[in-house]
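Please read the structure below before turning to the comments.
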Amino acid sequence: MSLFPSDSEPAAAPPTAPAGLLQHLNPEQYAAVTLPPRHVLVLAGAGSGKTRVLTTRIAWLIQTGQVGPGGVMAVTFTNKAAKEMLTRLSAMLPIPVRGMWIGTFHGLCNRFLRAHWKLAGLPQSFQILDSQDQLSAVKRVIKAMNLDEERFVPKQVTWFIAGCKEDGQRPKDVEVRDEHTRKLIEVYQAYEDQCQREGVVDFGELMLRTYELMRDNAALREHYNRRFRHILVDEFQDTNKLQYAWLKMFAGPESAVMAVGDDDQSIYAFRGAQVGNMADFEREFRVDQVIKLERNYRSFGNILDAANALISHNTRRLGKNLHTEAGPGEPVRVYESNSDFAEAQWLIEEAQQLHRDGVARSETAVLYRSNAQSRVLESALFNAGIPYRVYGGLRFFERAEIKHALAYLRLIENPNDDTSFLRVVNFPTRGIGARTIEQLQDAARASGRSLHQSVGAVAGKGGANLAAFVALVDAMREATQGLTLREIIEHVIEASGLADFYRTEKEGRERLENLDELVNAAEAFVTQEGFGKDAVALPVDEQAGAIAEGSPPAVAAVDLAPDAETGEIVSPLAAFLTHAALEAGDNQAQAGQDALQLMTVHAAKGLEFDVVFITGLEEGLFPHENSLSDADGLEEERRLMYVAITRARKRLYLSHSQTRMLHGQTRYNVKSRFFDELPESALKWITPRHQGFGSGFERDYRAAWQRGSGLGGIVGAGRQPDTPPAWAAPKATTSEGQALRAGQGVFHNKFGEGVILTIEGSGADARAQINFGRHGMKWLALSVAKLTPVES
DNA sequence: TAACGATCTCTTTTT
DNA sequence: GAGATCGTTA
1 MSLFPSDSEP AAAPPTAPAG LLQHLNPEQY AAVTLPPRHV LVLAGAGSGK
51 TRVLTTRIAW LIQTGQVGPG GVMAVTFTNK AAKEMLTRLS AMLPIPVRGM
101 WIGTFHGLCN RFLRAHWKLA GLPQSFQILD SQDQLSAVKR VIKAMNLDEE
151 RFVPKQVTWF IAGCKEDGQR PKDVEVRDEH TRKLIEVYQA YEDQCQREGV
201 VDFGELMLRT YELMRDNAAL REHYNRRFRH ILVDEFQDTN KLQYAWLKMF
251 AGPESAVMAV GDDDQSIYAF RGAQVGNMAD FEREFRVDQV IKLERNYRSF
301 GNILDAANAL ISHNTRRLGK NLHTEAGPGE PVRVYESNSD FAEAQWLIEE
351 AQQLHRDGVA RSETAVLYRS NAQSRVLESA LFNAGIPYRV YGGLRFFERA
401 EIKHALAYLR LIENPNDDTS FLRVVNFPTR GIGARTIEQL QDAARASGRS
451 LHQSVGAVAG KGGANLAAFV ALVDAMREAT QGLTLREIIE HVIEASGLAD
501 FYRTEKEGRE RLENLDELVN AAEAFVTQEG FGKDAVALPV DEQAGAIAEG
551 SPPAVAAVDL APDAETGEIV SPLAAFLTHA ALEAGDNQAQ AGQDALQLMT
601 VHAAKGLEFD VVFITGLEEG LFPHENSLSD ADGLEEERRL MYVAITRARK
651 RLYLSHSQTR MLHGQTRYNV KSRFFDELPE SALKWITPRH QGFGSGFERD
701 YRAAWQRGSG LGGIVGAGRQ PDTPPAWAAP KATTSEGQAL RAGQGVFHNK
751 FGEGVILTIE GSGADARAQI NFGRHGMKWL ALSVAKLTPV ES
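The first sequence begins at 1 in UniProt numbering and counts up by one.
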């Protein structure tokens with residue numbers, strides 16, 4: 001790993017940046033943004049302007065001419081974060097950001113493998129398995145190997161395989177400890193063979209293939225090493241072993257890596273994330289400068305005090321304490337209820353009051369530890385007629401009907417995709433039963449071919465039905481040649497019989513609507529996103545392939561043309577299928593509506609809200625019982641709680657319940673130990689602290705419950721209403737300080753007149769979505785864009 | 001082979 | 001409580 005000796009650093013003053021770009025940065029942020037090209041670790045606390053630093057850094061590097069857009073790679077974990085970065089960058093830079101290598105680890109790997117599919121040993125139209133697909137693929141392997149599903153639980157086997165890949169291990173690399181692992185490794189090998197045969201890759205495979213190709217192909221590695229002068233990694237604390245090794249492959253001797261992370265927000269150790277990567281990075285990249293961003297711009301003092309006090313109970317920390325200049329703000333409110341049901345009722349009342357006081361519902365988040373907890377909340381919200389939106393849970397592209405439609409589409413692209421084949425071969429039912437399928441699978445296994453290729457081997461009625469199915473898919477492929485993506489999907493939904501099936505189903509209405517929504521999603525994908533974004537095939541594969549086969553390593557010949565302009569575009573359908581697999585898609589509830597935000601704490605990472613409710617703070621739930629066995633687990637739960645607390649800007653509620661329905665039965669819970677780790681001075685109990693059963697409150701509640709009349713005003717009766725919060729009115733300002741609000745007309749020098757649709761974020765991070773009519777819809781960073789309010 | 005009901009299990013987090 | 005799986009029946 002080569003480094004940058006200090007005598008080669010640019011002298012004193014950094015290259016001049018355009019006015020405005022570096023404004024409003026505090027000294028630490030400024031240092032991070034304008035650091036000379038060398039490896040650096042940025043310890044960025046919650047709400048310390050981490051994303052701002054990352055994006056401003058990229059913009060600064062480009063605008064000062066230190067690197068071209070093609071020389072930057074920025075990696076994130078979630079699609080949300082990647083999108084956010086692109087949005088902010090496009091507001092800061094006058095150049096198209098589309099061709100830049102900014103995306104999730106998996107998104108970038110996909111891009112890489114699409115470009116070098118041949119070298120990677122993949123079919124050009126390889127498909128991506130999501131976790132569901134992976135599970136069913138593993139099940140098939142286990143069945144095919146005649147293994148006992150009791151001993152080889154498909155889920156655990158899937159876990160095992162994913163874990164191996166995250167450690168960069170192929171079957172041959174895995175240490176055989178006992179008979180069971182030996183068998184597991186066999187399953188792993190068989191699974192790999194099956195995936196390869198079917199031309200599909202799972203999430204781990206995307207990473208591992210990319211890593212291996214970079215490792216084994218020197219020409220390719222040198223090319224990318226030279227290309228990426230600046231590599232920026234977001235949420236570095238969440239990287240696993242493989243991702244870190246991957247990063248080391250892409251970082252060449254001339255590259256500068258900026259790793260941004262927060263060890264206190266490491267909440268994915270359970271799936272392989274290694275916080276230790278931060279220390280390893282510091283050592284292996286010989287980082288001589290660690291920049292700490294400790295000033296918090298998000299939350300008031302009491303909230304921050306709570307977060308700091310809590311996290312101080314963890315032992316292994318890199319050390320960091322958040323501070324703010326915003327003043328103490330309101331105390332953290334704590335509520336104890338008698339049941340999860342009562343908790344939901346109380347929460348709704350409280351949220352309604354806030355809404356009446358002017359807090360947007362979308363600025364109120366309800367967080368919980370596990371998805372199962374959302375049910376009670378949802379039904380209470382539904383009954384109260386309050387709009388809400390649940391994040392997580394079943395996402396759009398994971399719904400059964402959507403997966404069915406996608407399976408047909410995938411078969412059009414790749415008939416050998418057995419996972420998809422099995423999913424829809426008898427859906428809607430067409431007389432192909434378990435027996436027939438078994439025969440088909442036997443035939444396929446015997447000949448080592450795909451199900452599609454083996455159809456002829458099955459005789460009798462089942463065989464005829466199978467032939468009809470294959471003919472149907474072939475006919476769909478024929479009929480959709482040359483159609484637009486929208487038309488293709490519409491055709492498939494009809495021709496497959498899915499539409500008819502759901503039309504006659506009694507509960508099929510919603511599913512039909514979702515299928516319509518799929519058509520819309522495809523349409524939106526083509527027009528707005530520009531489907532080439534993730535699926536541009538770079539025209540280098542042949543050349544690079546030639547090098548691999550021993551011709552002189554004319555590295556210059558591998559030079560990549562700027563992706564977006566000359567990239568050969570794969571079919572819209574293929575691109576859309578990739579999109580569907582890589583981005584599960586928010587479950588697109590009532591989009592655009594002002595709705596309460598419900599999500600798990602994990603899903604909330606990286607987000608912020610004016611008001612946050614953290615519910616279900618009970619032993620066994622939060623911290624979760626599965627994590628209590630070891631100290632590491634508990635520390636991770638604490639970090640999770642830390643993440644939850646630091647989501648709140650202005651008001652934070654913590655609630656726990658004495659009883660809770662779980663697994664269909666009532667459990668009696670003790671309040672979470674985390675309460676004992678919060679500073680009393682920052683808290684305010686809004687119910688008597690030691691209220692036990694048998695209190696008057698309890699009797700009222702029981703009575704109301706037994707009458708079936710609900711709780712109405714009973715819960716929470718008798719306590720002082722809170723005064724309306726002064727901060728409730730939505731505010732944002734132009735870079736000149738003029739007030740802005742949604743619905744407001746504005747003027748922009750380049751885009752002309754527009755109307756603000758939504759405002760997100762606040763302060764330096766505030767941004768607005770503005771409809772500029774014929775100039776289209778734009779997201780602009782308000783601290784950067786020059787906007788003038790106009791009278792409407 | 002399909003449809004229905006009974007039974008069983010598993011419930012942390014996700015690209 | 002819900003989903004997947006299993007078993008019975010037509």
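Glycine included, each C-beta is placed from N, C-alpha and C at the ideal position.
query                                                                                                                                           : result
By the 10 Å Cβ neighbour count, where 16 or more other Cβ atoms means buried, how is Arg-229 classified, buried or exposed?                     : buried
Taking the C-alpha atoms as reference points, what is the distance between Val-157 and Asn-296?                                                 : 43 Å
Opposite Lys-665 in the DSSP bridges: which residues?                                                                                           : For the record, residue 665 in the displayed sequence is Gln; it is not Lys. Its beta-bridge partners are Leu-662.
Compare the C-alpha of Asn-146 against each of Phe-112, Cys-164, Lys-183 and Glu-175 and name the closest.                                      : Lys-183
According to the Cβ coordinates, are Arg-209 and Leu-108 closer than 7 Å?                                                                       : no
What's the gap between the Cα of Leu-683 and the Cα of Gln-265?                                                                                 : 23 Å
I need the DSSP call for Phe-613, collapsed to helix, strand or coil.                                                                           : strand
At what residues does the beta strand (DSSP E) containing Ser-454 begin and finish?                                                             : No beta strand (DSSP E) contains Ser-454, which is instead part of the alpha helix (DSSP H) from 451 to 454.
Please classify Phe-382: is it buried, with 16 or more other beta-carbons within 10 angstroms of its beta-carbon, or exposed?                   : exposed
Helix, strand or coil for Arg-98 per DSSP?                                                                                                      : coil
Which runs of the alpha helix (DSSP H) spanning at least 4 residues fall entirely within the segment 382 to 446, listed in chain order?         : 400 to 413 and 418 to 424
What span of residues does the beta strand (DSSP E) with Thr-600 cover, start to end?                                                           : 596 to 600
Alpha carbons only, please: which of Leu-577, Glu-680 and Pro-123 is nearest the one belonging to Asp-130?                                      : Leu-577
Below 6 Å CB to CB, which residues in the same chain sit around Glu-523 once its five sequence neighbours on both sides are set aside?          : Arg-486
Which residue or residues does DSSP assign as beta-bridge partners of Ala-467?                                                                  : Partner(s): none; Ala-467 has no beta bridge.
Please classify Pro-572 as buried or exposed, where buried requires at least 16 other C-beta atoms within 10 Å of its C-beta.                   : buried
Val-424 and His-404: beta carbons closer than 7 Å?                                                                                              : yes
Could you check how far apart the C-beta atoms of Ser-655 and Leu-220 are, in whole angstroms? I think they sit under 8 Å.                      : Ser-655 to Leu-220, Cβ: 54 Å. No contact.
Do you know how far the Cα of Ala-644 is from the Cα of Val-390?                                                                                : 16 Å
Less than 8 Å between C-beta atoms, sequence neighbours within five positions excluded: which residues of the same chain meet that for Ala-584? : Asp-130, Arg-395, Phe-396, Phe-397 and Glu-398
Using DSSP's beta-bridge definition, name the partner residues of Gly-620.                                                                      : His-624
Around the C-beta of Gly-20, are 16 or more other C-beta atoms found within 10 angstroms, so that it is buried, or is it exposed?               : exposed
In the DSSP assignment, find the unbroken alpha helix (DSSP H) run with residue 813 in it and report its ends.                                  : Outside the displayed range of the chain (1 to 792) lies residue 813, so it cannot be described from this structure.
Taking the continuous beta strand (DSSP E) assigned at Leu-22, which residues delimit it?                                                       : From DSSP, Leu-22 is part of no beta strand (DSSP E); its letter is neither H nor E.
Look up Asn-296 in the DSSP assignment and give the residues it is bridged to.                                                                  : Paired residues: none, contrary to the question.
Spell out the partners DSSP gives Thr-364 in its beta bridges.                                                                                  : Val-611
For a test of the three-state rule: what should DSSP assign to His-491, helix, strand or coil?                                                  : helix
Would you mind working out which of Glu-350, Asp-305, Gly-463 and Pro-428 sits nearest Thr-504, comparing C-alpha positions?                    : Pro-428
Quick check: what's the CA-CA separation for Asp-700 versus Tyr-335?                                                                            : Residue placement at Asp-700 is flagged as unreliable, the pLDDT there being 36, under the threshold of 50; the coordinate-derived value follows with that caveat. Roughly 18 Å separates the two Cα atoms.
In angstroms with no decimal places, state the Cα-to-Cα distance between Arg-57 and Leu-242.                                                    : 26 Å
Using DSSP bridges, identify the partner residues of Gln-127.                                                                                   : Val-200
Which residue from Ala-120, Arg-52 and Ala-603 puts its Cα closest to that of Met-92?                                                           : Arg-52
Among the residues of its own chain, which have a CB less than 6 Å from the CB of Arg-477, if the five just before and after it don't count?    : Ile-412
Is Asn-514 helix, strand or coil when you go by DSSP?                                                                                           : helix
Could you tell me which residues DSSP pairs with Val-334 in its beta bridges?                                                                   : Leu-654 and Trp-685
Whose C-beta lies closer than 7 Å to the C-beta of Ile-95 among residues of the same chain, with five residues either side of it excluded?      : Pro-69
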